[in-house]
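Top line first, the protein sequences correspond to chains P, H, A and E. FYI, in the working numbering the residues of the first sequence are 1 to 379. FYI, in the working numbering the residues of the second sequence are 1 to 379. FYI, in the working numbering the residues of the third sequence are 1 to 379. FYI, in the working numbering the residues of the fourth sequence are 1 to 379. Here the structure comes first, spelled out in structure tokens, and everything after it is commentary.
Number of protein chains: 4
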Amino acid sequence: MRRFRMALAGGGTGSFIGPVHVMAARLDGAIDLVAGAFSSNPERAAEAGRRFGVAPDRAYRNFREMLEGEALRSDRADFVTIATPNSLHFEMARDALRAGFDVISDKPATATLEQVIDLQSEIEKSQRLYVLTHTYTGYPLVREARELCRSGAIGVIRKVVVEYSQGWLSGPVELSGNRQAAWRTDPSKAGAGGCVGDIGVHAFNLVEYVSGLKISALSAMVSKIVERRELDDDCNVLFRLSNDAPGVLHSSQVAIGESNRLELRIYGSKGSLIWNQETPNSLIIHWSDKPTEVRYAGSGYLGESAKRATRLPSGHPEGYIEAFANIYREIVEVLVDRAGGVSNAWRDTLCGIDEGVRGMRFIAQVLESSNRSAWVELN
Amino acid sequence: MRRFRMALAGGGTGSFIGPVHVMAARLDGAIDLVAGAFSSNPERAAEAGRRFGVAPDRAYRNFREMLEGEALRSDRADFVTIATPNSLHFEMARDALRAGFDVISDKPATATLEQVIDLQSEIEKSQRLYVLTHTYTGYPLVREARELCRSGAIGVIRKVVVEYSQGWLSGPVELSGNRQAAWRTDPSKAGAGGCVGDIGVHAFNLVEYVSGLKISALSAMVSKIVERRELDDDCNVLFRLSNDAPGVLHSSQVAIGESNRLELRIYGSKGSLIWNQETPNSLIIHWSDKPTEVRYAGSGYLGESAKRATRLPSGHPEGYIEAFANIYREIVEVLVDRAGGVSNAWRDTLCGIDEGVRGMRFIAQVLESSNRSAWVELN
Amino acid sequence: MRRFRMALAGGGTGSFIGPVHVMAARLDGAIDLVAGAFSSNPERAAEAGRRFGVAPDRAYRNFREMLEGEALRSDRADFVTIATPNSLHFEMARDALRAGFDVISDKPATATLEQVIDLQSEIEKSQRLYVLTHTYTGYPLVREARELCRSGAIGVIRKVVVEYSQGWLSGPVELSGNRQAAWRTDPSKAGAGGCVGDIGVHAFNLVEYVSGLKISALSAMVSKIVERRELDDDCNVLFRLSNDAPGVLHSSQVAIGESNRLELRIYGSKGSLIWNQETPNSLIIHWSDKPTEVRYAGSGYLGESAKRATRLPSGHPEGYIEAFANIYREIVEVLVDRAGGVSNAWRDTLCGIDEGVRGMRFIAQVLESSNRSAWVELN
Amino acid sequence: MRRFRMALAGGGTGSFIGPVHVMAARLDGAIDLVAGAFSSNPERAAEAGRRFGVAPDRAYRNFREMLEGEALRSDRADFVTIATPNSLHFEMARDALRAGFDVISDKPATATLEQVIDLQSEIEKSQRLYVLTHTYTGYPLVREARELCRSGAIGVIRKVVVEYSQGWLSGPVELSGNRQAAWRTDPSKAGAGGCVGDIGVHAFNLVEYVSGLKISALSAMVSKIVERRELDDDCNVLFRLSNDAPGVLHSSQVAIGESNRLELRIYGSKGSLIWNQETPNSLIIHWSDKPTEVRYAGSGYLGESAKRATRLPSGHPEGYIEAFANIYREIVEVLVDRAGGVSNAWRDTLCGIDEGVRGMRFIAQVLESSNRSAWVELN
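Dropping the structure here:
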């Protein structure tokens with residue numbers, strides 16, 4: 001099996017998503033973390049290097065040095081994963097592409113809509129691989145749901161309800177040393193969107209990913225619930241899909257008791273789908289005039305795309321890291337194809353810059369709609 | 001125990017809610033159904049009379065005859081329950097009040113906003129009892145949730161999510177003999193609201209009933225999903241509460257697989273409440289930094305208002321009829337008080353004309369907002 | 001509709017099951033409670049009479065007087081419902097039969113195996129109706145499960161797991177005024193079985209009722225968990241069915257947090273059934289190599305026996321009282337048949353003296369097996 | 001961070017648990033798989049070596065060659081993981097210990113009770129580390145439950161119900177090429193226990209691990225449900241704990257629709273615990289006279305042992321591989337301690353040979369009891 005080398009931007013002590021990228025990349029044994037710009041703080045960077053088992057000379061002091069240092073090595077990293085606060089995504093991705101690295105980036109793609117448009121050109125010019133890790137697309141039953149929408153099994157999509165509720169920002173934790181909260185509530189690091197940019201965009205992505213339809217218009221209401229917070233921590237949206245079906249997206253970071261409740265419901269003319277990230281190994285399917293059906297991950301009756309995203313038999317729960325690892329598994333497939341000479345190899349189950357642009361437009365239009373208390377289009 | 005006599009408008013063969021009123025009224029043994037105008041079809045009326053065990057001479061041919069016939073009897077009905085299509089509510093209620101009967105009415109109070117304003121005056125003039133049977137307010141754990149909001153236990157209310165999803169109108173069943181569907185999708189019988197008037201208004205009522213707050217502004221999107229349907233069958237609303245907290249109300253009658261999913265979630269600054277009508281005997285309470293709590297109907301730790309609304313020990317499920325019967329139980333208490341000389345006796349856990357007016361305003365403003373694609377106020 | 005007159009033994013203040021019989025009998029409007037021997041305490045008896053709306057002269061001082069008093073009336077009760085502690089069941093049933101009344105009895109049929117054999121002869125001689133109210137057989141989805149077993153839909157039954165767990169006797173509440181606990185833990189009132197006689201026998205009945213098979217041998221372990229308790233409060237059984245399939249029955253009254261968890265699972269060679277009394281409106285059906293199925297009460301796809309046991313559309317929960325009322329509904333059907341001249345009219349969905357005998361044998365053999373620490377047969 | 005080198009016995013194509021060991025060992029980045037005796041079939045062995053990224057010269061042809069080959073290397077494996085059919089466990093573990101390797105073994109420890117006694121002496125003599133990977137002990141909420149039992153929080157343990165139900169052997173799949181089924185139903189490979197040895201022993205282990213009590217006596221009924229199967233595929237047990245509390249263990253491999261339902265319930269005098277492996281990230285705790293509590297993995301209110309076994313915040317599901325990885329994480333801690341000179345370093349949250357002996361005794365006594373249809377002791 002061909003193994004690939006990963007360099008990581010972010011992931012210093014206190015990081016949430018950096019270590020997730022590393023665990024996910026490692027899980028299937030095809031990727032080794034070899035280098036990192038783990039933190040702007042040299043001690044944190046060195047500590048993370050030790051923790052991740054990266055050679056001291058490849059635990060770089062900053063991203064620029066990492067690109068330069070790696071570029072000189074014969075065993076240089078194959079790709080760079082960007083797992084930093086949003087404000088750094090654009091420059092890092094651009095510079096890595098220009099330096100000839102494939103790029104795996106956390107969402108949202110950039111901090112602003114302008115940046116993502118620029119990034120799109122950079123990617124085109126570079127001919128490098130660019131993958132946006134919308135984690136939840138990696139779950140096997142999200143893949144199953146997607147197939148059920150695309151095959152027409154549930155008929156014409158008539159309504160979508162999606163929610164993403166969390167409660168961890170219900171108090172002003174950004175003021176008391178919570179690093180995750182601090183950057184996410186700081187416009188200079190997170191961009192213009194708070195809740196909408198951090199989690200609303202995941203819900204948005206999931207709607208389009210699974211349904212195969214686009215959201216074409218929306219009316220949004222964002223709120224800053226916790227006093228003195230500078231970015232929205234609650235975001236609710238009415239929308240229309242491209243086929244005119246209505247939809248509702250509601251998300252919050254102040255919903256006490258909700259941990260990470262991302263739930264998608266798609267109601268069609270023949271049947272309906274319900275999937276909840278906190279119980280990710282089952283998919284509820286309602287049929288008109290027939291009993292409700294529950295499909296379980298790891299079962300023989302599932303479609304191929306779900307099966308490929310599962311490691312264990314039914315009843316052996318797989319979770320968030322495994323979903324993430326499914327994305328890395330497809331990245332490896334694409335890297336193998338490209339290494340084998342296939343130009344522009346890709347998997348259409350992956351998200352890339354197109355989804356990045358959609359996400360940034362969504363964030364921008366949600367804020368626009370909310371500011372103007374009006375419906376707006378989403379092109 | 002004092003027993004009361006009930007006359008029923010509606011409840012003919014094929015009726016859903018008429019028999020529910022009868023079963024609910026009977027459950028605790030304090031009310032006897034003695035008369036009815038069960039159907040405009042004489043055969044159906046007679047059949048219903050036999051089925052309900054009503055004397056043939058009190059199974060009247062129409063509502064007017066019932067009022068006149070009962071007025072002459074020494075054992076006349078104590079109150080009239082109106083369980084007909086919406087378009088008849090106003091005239092029936094007005095006439096019954098004028099004839100000196102107390103009135104129990106199904107929701108919505110009337111078919112139009114104008115009517116409900118008129119009805120409000122009629123009630124004032126009559127000094128009779130008027131109760132609006134918002135069924136779901138009768139569940140013990142709805143009462144518990146209400147107490148938790150009012151006592152401040154969950155802190156300041158910060159967000160509300162309420163849904164009411166059904167799937168029974170996902171096909172054009174009104175065209176194939178479903179009487180329930182036929183009148184609910186007919187503007188001349190249901191009024192201007194379809195989904196919003198039939199179930200959206202229940203969700204709206206539950207929000208205000210439990211939270212103790214009012215909805216002050218809203219942005220709505222109603223849809224007619226099934227071809228050629230004349231009234232909305234899907235209705236979604238963003239709203240602001242009187243304390244500026246955001247909220248989402250989504251409802252549908254074309255959501256295949258949803259039976260009668262009325263779910264209320266109230267997120268406060270100290271804790272959150274989740275209640276689902278399809279599993280009505282438990283209430284989930286989330287607390288900040290403490291494990292989630294589940295309270296069960298029939299348990300010793302519940303508050304008085306929940307306890308009073310329960311007949312059985314924990315684990316012996318009570319349901320929709322029992323919830324309805326709890327409303328009748330309080331009606332009986334009020335009737336006893338009035339019979340005992342207390343003028344304007346009341347229970348503030350009951351809904352009356354004020355809730356009727358709120359509901360009709362809600363329906364009107366939802367349609368207005370949706371037509372204009374704009375936020376509107378709700379006074 | 002023909003209406004029937006009920007006389008009740010038991011149901012005084014503090015009674016649990018007496019009022020349930022009354023509410024269940026009333027629900028469908030075909031039965032009136034006209035007389036009672038509600039309590040051996042005259043004040044309690046009178047109070048219950050007022051509460052139930054029974055004429056003072058028919059709120060009798062004791063059971064004997066009730067039989068005699070009713071026998072003299074032209075509007076005498078049609079049947080007697082026995083809802084007293086177990087020790088009184090036998091004599092009351094026998095005397096009522098001898099006095100020419102039909103008998104509806106709470107389970108277990110009697111306090112001892114000898115009594116139930118005698119009662120069986122009495123019933124035969126009397127030619128009166130005798131129904132044993134095993135409440136849980138009245139749930140619509142229990143009826144559906146029964147049909148699925150009988151039709152062969154789930155294949156050959158291979159294993160049964162049934163449990164009935166409660167926690168209300170986890171402390172010595174019988175010593176502090178809990179009347180329900182007091183008689184159930186007193187051998188002179190409950191008979192030889194505590195947990196096994198009070199709830200184990202329900203679980204046993206449900207197995208045979210649904211599966212259509214008999215339990216033929218068992219190994220039991222009963223325990224007295226709470227100090228100084230005189231009867232078992234925990235009872236667990238391994239068993240073999242008549243087709244040699246293995247089974248497990250476990251029950252407890254000291255399982256803190258369990259309210260009334262009666263759960264039946266039947267595993268067949270083609271599929272499996274799972275039903276839980278605390279969520280009675282759904283039935284889980286697993287199929288080999290197909291997605292799991294969930295059937296909801298009130299749905300069009302259900303079989304006739306389930307449909308007949310439902311009053312409301314799907315999503316409108318029906319519960320314990322409605323299940324009980326389904327038994328009374330069938331009793332009314334039988335009474336109508338008998339009134340119409342059909343001798344020995346019956347419904348095979350009802351339980352009668354045969355189930356009573358089986359239950360008493362079960363209790364006796366469980367205690368025998370546990371005492372001897374050995375497997376025993378159950379004939 | 002110190003990294004350790006792993007050699008694997010088993011894990012060839014078609015293996016279930018071999019790859020799980022590898023993924024679990026890799027997840028936290030502290031262990032590298034460097035060698036293997038993956039299969040007795042040379043092609044399968046080579047293929048597995050490639051798949052796992054093991055150097056060709058360390059993908060050995062058999063276990064003996066692996067021990068010899070590794071012994072000669074300066075970068076020799078630090079430990080050997082045994083993930084083969086049960087019949088090979090004993091010899092492999094013994095030989096690896098004698099060759100100076102630490103041993104990580106899948107359960108059950110050996111194929112017979114005699115072997116495990118011998119193995120116990122070998123381990124003592126060797127002074128090497130021996131860990132038995134009872135996967136389910138690695139879940140964070142199993143650790144929380146264990147603490148709650150040990151701290152006395154739920155009072156005296158009064159009853160235990162444990163089940164482990166699967167359905168994958170409901171047909172004769174061992175006859176049609178299912179390699180997992182083939183060895184598990186073959187006495188020459190699995191040992192004397194089928195269901196009891198494969199999964200019953202997990203349930204047994206979980207009871208003793210969490211409760212801190214021992215099972216002291218039992219009455220068992222094992223069955224061979226599928227025709228011509230040579231080992232039991234269903235196993236049910238009544239038992240007494242060392243404090244005389246009753247318990248029930250039921251397990252099956254023919255329960256259609258059950259995937260991997262391992263559920264433990266411990267009822268105490270103050271509270272109760274319920275944990276289900278298929279929803280492993282929540283723990284239900286019932287309290288006497290207080291609302292039920294639900295604790296979620298990743299929450300701040302959990303105890304230290306649960307926190308240490310979690311990688312992600314609440315709501316980000318971790319599953320089977322992560323639980324397994326928690327065991328490897330503790331193994332690494334012990335290896336670090338030993339490398340640092342601590343002799344006999346250990347973590348009491350790990351299972352070792354004592355649990356191996358208990359498990360083998362349990363299997364033997366279950367079969368004995370079932371054969372004799374009698375209660376037996378378990379010392």
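Ideal Cβ positions, reconstructed from N, Cα and C, are used throughout, including at glycine. Model, not experiment: these values are computed from the prediction.
{"Asked": "Sequence-distant residues of its chain with Cβ nearer than 7 Å to N260 (chain P) (five each side left out)", "Found": "Q166, Q277 and E278"}
{"Asked": "Nearest-angstrom Cα separation, counted from I285 (chain A) out to E208 (chain P)", "Found": "33 Å"}
{"Asked": "Within chain E, the residues that N236 (chain A) reaches when beta carbons sit closer than 7 Å", "Found": "L238, P246 and V248"}
{"Asked": "Minimum C-alpha distance to S223 (chain E) - residue among E:D118, E:G193 and E:S305", "Found": "E:G193"}
{"Asked": "Below-8 Å beta-carbon distance, Y267 (chain A) vs any chain B residue", "Found": "In the displayed structure, chain B is absent; the protein chains listed are P, H, A and E."}
{"Asked": "Opposing strand residues paired with C149 (chain A) [DSSP bridges]", "Found": "Partner(s): none; C149 (chain A) has no beta bridge."}
{"Asked": "For W275 (chain E): DSSP bridge partner residues", "Found": "E:L264"}
{"Asked": "Min CB distance T292 (chain P) to chain H below 8 Å", "Found": "yes"}
{"Asked": "Rounded separation between E144 (chain P) and L132 (chain P) - CA only", "Found": "20 Å"}
{"Asked": "Extent of the continuous beta strand (DSSP E) run through N380 (chain A)", "Found": "No answer is possible for residue 380 (chain A): it lies beyond the span of chain A, which begins at 1 and ends at 379."}
{"Asked": "Best match in A:Y328, A:S343 and A:T349 for proximity to V381 (chain A) [C-alpha to C-alpha]", "Found": "Past the boundaries of the shown model lies residue 381 (chain A); chain A is included only from 1 to 379, so the question cannot be answered."}
{"Asked": "Cβ-based burial, K125 (chain H) [other Cβ within 10 Å; buried from 16]", "Found": "exposed"}
{"Asked": "Residue-level contact to chain A via CB, R295 (chain P), 8 Å cutoff", "Found": "yes"}
{"Asked": "Neighbour-count burial assignment, Q127 (chain P), 16 or more Cβ in a 10 Å radius", "Found": "exposed"}
{"Asked": "Nearest residue (CA-CA) to L231 (chain H), options H:P172, H:G268 and H:A217", "Found": "H:P172"}
{"Asked": "Cβ contact (3+ pairs, closer than 8 Å) linking the region 307-316 of chain P and the region 287-304 of chain H", "Found": "no"}
{"Asked": "Residue closest to I157 (chain A), alpha-carbon to alpha-carbon, out of A:E318, A:P56, A:L302 and A:G271", "Found": "A:G271"}
{"Asked": "Alpha-carbon spacing of I331 (chain A) relative to D337 (chain A), whole angstroms", "Found": "10 Å"}
{"Asked": "Span separating the alpha-carbon of I363 (chain E) from that of A30 (chain E)", "Found": "35 Å"}
{"Asked": "Beta-bridge pairing of V131 (chain P) - partner residues as DSSP gives them", "Found": "P:I104"}
{"Asked": "Any C-beta of chain E under 8 Å from that of D118 (chain H)", "Found": "no"}
{"Asked": "Outcome for R2 (chain H) when other beta-carbon atoms lying within 10 angstroms are tallied against a minimum of 16", "Found": "exposed"}
{"Asked": "Neighbour flag for P313 (chain E) against chain P, beta carbons, 8 Å", "Found": "yes"}
{"Asked": "8 Å Cβ cutoff, I225 (chain A) in contact with chain E", "Found": "yes"}
{"Asked": "Rounded C-alpha distance that separates S282 (chain E) from D102 (chain A)", "Found": "51 Å"}
{"Asked": "Distance, T110 (chain A) Cα to A182 (chain A) Cα", "Found": "18 Å"}
{"Asked": "Under 7 Å by beta carbon: chain A residues contacting H316 (chain E)", "Found": "Correct list: empty, because the minimum Cβ distance to chain A is about 25 Å."}
{"Asked": "Of the listed residues A:L262, A:V254, A:L213 and A:E227, nearest to F239 (chain A) (C-alpha basis)", "Found": "A:L213"}
{"Asked": "Pick from H:E304, H:L264, H:P85 and H:Q115 that is closest to R358 (chain H), judged by C-alpha positions", "Found": "H:Q115"}
{"Asked": "Beta bridge counterpart(s) of M221 (chain E) as assigned by DSSP", "Found": "E:N236"}
{"Asked": "Closer than 7 Å at the beta carbon, the chain A residues around W375 (chain E)", "Found": "S373"}
{"Asked": "Within 8 Å, strictly: CB atoms of S242 (chain A) and A203 (chain A)", "Found": "no"}
{"Asked": "L367 (chain P) burial status per 10 Å Cβ neighbour count (16 or more: buried)", "Found": "buried"}
{"Asked": "Under the three-state DSSP convention, the category W346 (chain P) falls into", "Found": "coil"}
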